[in-house]
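Novice: For reference, the structure I am asking about is given below.
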Amino acid sequence: MNHGSPDLYIAPELKRRLCGVRRVFVLTGAGVSVESGIPAFRGTGGIWGEWNPEDYATPEAFERDPVRVWQWYLGRIENIRRAEPNPAHRALAELERRLGPGAMLTATQNVDGLHRRAGSGAVAEIHGEIFKCRPVGPGFMGERPIDEIDIDMDGLPPRDAEGSVLRPAVVWFGEYLPPGPIKTIEEFLSIPPDLVVIAGTTAGFPYVQDWATRPKREGAILIEVNPDMTLVTPHADAAFQCPAGEALPRIFSHIEV
Ligand code: NAD
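For the sequence shown, my numbering assigns the number 1 to the initial residue and increments by one for each residue that follows.
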């Protein structure tokens with residue numbers, strides 16, 4: 001296995017296999033947005049080092065104190081609004097454009113919208129979108145952009161016209177994933193991809209591990225990009241232990257389409 005190197009050495013055999021890649025599945029996590037100035041959740045400088053997820057990222061936390069949760073989310077929203085897509089986001093958007101319609105899907109755990117802002121069109125946002133909100137309660141009905149509602153810092157939590165309390169349209173711990181993006185992923189994987197790239201995620205959730213490793217069993221190349229090792233690393237054909245903004249443009253330059 002190639003665990004990468006500071007100069008991002010790509011073995012000749014991997015270069016040869018990358019040449020013929022035509023269908024690509026990508027899984028991203030918080031690490032892909034770190035180079036845009038958005039902190040990851042785990043690890044040094046991570047959000048969960050400073051804030052307790054049980055106070056901000058569970059339905060029970062919102063029930064206990066919706067004002068505190070909204071204030072925290074509005075802070076994150078401000079930070080994300082100022083952020084710009086980085087070379088990792090742009091490399092993914094560029095590869096999707098080169099491969100052509102239907103040949104690539106980026107499944108992301110990120111809620112920051114940076115893949116779309118970089119130009120990716122086929123994006124499955126499995127943990128929701130931070131720039132949207134929806135009425136509390138089960139299901140994903142009634143989502144709307146937060147810019148459509150008047151968020152008054154003195155009148156939190158915001159409510160819709162019917163008086164229902166609105167919450168951020170993101171997936172919290174213990175909640176179901178939205179069915180739309182899951183269906184998109186499963187449909188895409190029903191035609192096996194040639195290459196799976198998993199970048200910037202600790203791959204802590206079993207569904208992420210499954211999506212990364214299942215196509216490999218059907219012959220796909222599995223590449224990981226992460227400065228640290230993860231549960232997926234032992235399965236990878238190549239693991240590049242460097243920032244996504246450096247690794248992805250270099251790796252994708254070997255795909256000849
Ligand atoms: P994360 O913060 O858990 O992981 C970020 C990953 O990005 C780390 O592995 C880090 O090494 C890597 N990274 C940092 N900088 C990078 C860079 N420049 N380029 C590439 N990689 C870089 O984020 P996540 O994996 O997206 O997690 C998503 C959600 O899952 C979060 O809510 C998190 O709290 C949660 N989670 C849950 C569990 C669990 O067991 N339930 C485990 C891990 C994470």
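Glycine is no exception: its CB is placed at the ideal position from the N, C-alpha and C atoms. Here the structure is a predicted model, which means the values were calculated and not measured.
Any idea what DSSP makes of E94, helix, strand or coil?
Specialist: Of the three classes helix, strand and coil, the one that applies to E94 here is helix, per DSSP.
Novice: Answer yes or no: do S36 and E94 have a C-beta to C-beta separation smaller than 8 Å?
Specialist: Cβ atoms of S36 and E94: not closer than 8 Å.
Novice: Is V32 a contact residue of the ligand NAD, with contact defined as CB to any heavy atom under 7 Å?
Specialist: Yes, the Cβ of V32 comes within 7 Å of a heavy atom of the ligand NAD.
Novice: Which first and last residues belong to the beta strand (DSSP E) in which R134 is found?
Specialist: Unbroken beta strand (DSSP E) run through R134: G128 to P135.
Novice: So what does DSSP say about V257, is it helix, strand or coil?
Specialist: Correct three-state label for V257: coil.
Novice: Do you know offhand how far A220's Cα is from V208's?
Specialist: Computed Cα separation, rounded: 16 Å.
Novice: For G174 and R16, what's the separation of their Cα atoms in angstroms?
Specialist: Straight-line Cα distance between these residues: approximately 42 Å.
Novice: Distance check for I77 and I255, CA to CA, integer angstroms please.
Specialist: Distance between the alpha carbons of I255 and I77: 35 Å.
Novice: Between the stretch 52-69 and the stretch 172-190, are three or more C-beta pairs nearer than 8 Å?
Specialist: At 8 Å Cβ cutoff, the stretches touch.
Novice: For the alpha helix (DSSP H) holding F62, just list the boundary residues, first then last.
Specialist: Unbroken alpha helix (DSSP H) run through F62: P59 to R64.
Novice: Using beta-carbon positions only, say whether I258 and R23 come within less than 8 Å of one another.
Specialist: Not covered by the structure: residue 258. The range shown for the chain is 1 to 257.
Novice: Which of helix, strand or coil does DSSP assign to I146?
Specialist: Helix at I146.
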